[in-house]
Amino acid sequence: MKVGIMQPYFLPYIGYFQLIKAVDQYIVCDDLNYINNGWINRNNILIDGKKRLYTIPLKKASQNKLINQIEIVDDFSRLFKIVKVNYAKAPYYKEVIGILEKIFSYNNRCLSDFVLNSMKEVLYSLRIETPIIISSTLNKDCSLKGKNKVINICKEMGAEVYINAIGGQKLYNKAEFAAQGIELRFLETEIIPYKQFGKEFIPMLSILDVMMFNSIKEIDRMLNRYRFV
Numbered sequence: 194m195k196v197g198i199m200q201p202y203f204l205p206y207i208g209y210f211q212l213i214k215a216v217d218q219y220i221v222c223d224d225l226n227y228i229n230n231g232w233i234n235r236n237n238i239l240i241d242g243k244k245r246l247y248t249i250p251l252k253k254a255s256q257n258k259l260i261n262q263i264e265i266v267d268d269f270s271r272l273f274k275i276v277k278v279n280y281a282k283a284p285y286y287k288e289v290i291g292i293l294e295k296i297f298s299y300n301n302r303c304l305s306d307f308v309l310n311s312m313k314e315v316l317y318s319l320r321i322e323t324p325i326i327i328s329s330t331l332n333k334d335c336s337l338k339g340k341n342k343v344i345n346i347c348k349e350m351g352a353e354v355y356i357n358a359i360g361g362q363k364l365y366n367k368a369e370f371a372a373q374g375i376e377l378r379f380l381e382t383e384i385i386p387y388k389q390f391g392k393e394f395i396p397m398l399s400i401l402d403v404m405m406f407n408s409i410k411e412i413d414r415m416l417n418r419y420r421f422v
């Protein structure tokens, strides 16, 4: 059993979806503390042909609150307009704008629920069928922190392999996981260039950008372009 465990991110980069596809069960941690200036409620897209950050406004967001305790205060009309203006000439604009309409019209404004729903809409479109499990529904030891919390969840899920994003190398040690009978792997995404209006390629943007410029078949090939370290 291969397991991935991450926070819910708003329309994240393709590596996030590579990780979901690479595992047998994917746990979305909705009951961790919110992180200021993280990726839970923001991501990069093309605006005027340049990499720009869009952030979802939140109500009284605090690192003292859990992700599932925070409310979105955005009707997404501004972001929708930004996307329409900046991506209207993208080859797959029509298909993707329909997906965004469904995402933005989701009525639940709980941050974790809204972001999770947006993830599921994208996963459905990309034909990724990995089961998604919400961490707050698991029978786990909530007093644990850091790697101990991750190991506890892995054991609860019966995981033999835990796959984390490449940034996890700063947090987790393979020997410590191996001592608990769990193989730790890190997924490193390739830089995968594609045409963006014929200009110099800007990597690591939101999956929204990838979907605007690539067919589902092309994205499926991209989803397999990574290595384990």
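The opening residue of the sequence shown carries number 194 in our numbering; numbering runs sequentially from there. Don't be surprised by glycine CBs; every beta carbon is placed ideally from N, CA and C. Predicted, not measured: the structure shown is a model, and the values here were computed from it.
Here MET199 is bridged, per DSSP, to VAL221. Listed as beta-bridge partners of ALA358 by DSSP are LEU380. For the pair ALA215 and PHE421, the Cα-to-Cα distance works out to about 10 Å.
Leaving aside the five residues that flank ALA358 on each side, the residues in its chain whose CB is nearer than 8 Å to its CB run, in chain order, MET199, GLY208, TYR209, LEU212, PHE379, LEU380. TYR202 sits buried, since 16 or more C-beta atoms from the chains shown fall within 10 Å of its C-beta. Contact between the region 256–273 and the region 215–225 is present, with at least three C-beta pairs closer than 8 Å.
In the DSSP assignment, ASN345 falls outside any beta strand (DSSP E) and within the unbroken alpha helix (DSSP H) covering 339–350. The beta carbon of ILE249 is closer than 7 Å to those of PHE203, ASN234, ARG235, ILE265, ASP267 in its chain, skipping five residues each way along the sequence.
Non-local beta-carbon contacts of GLU353 in its own chain, meaning distances under 6 Å to residues more than five positions away in sequence, involve MET194 in chain order.
Going by C-alpha positions, CYS347 is about 7 Å away from TYR355. With a beta-carbon spacing of about 12 Å, SER399 and ASN279 fall beyond the 8 Å limit used to define contacts. Counting other Cβ atoms within 10 Å of its Cβ, THR330 stays below 16 and is therefore classed as exposed. TYR206 is positioned such that its CB atom lies closer than 8 Å to that of MET397.
Each residue's CA atom was taken as its position, placing GLU349 and MET312 some 24 Å apart.
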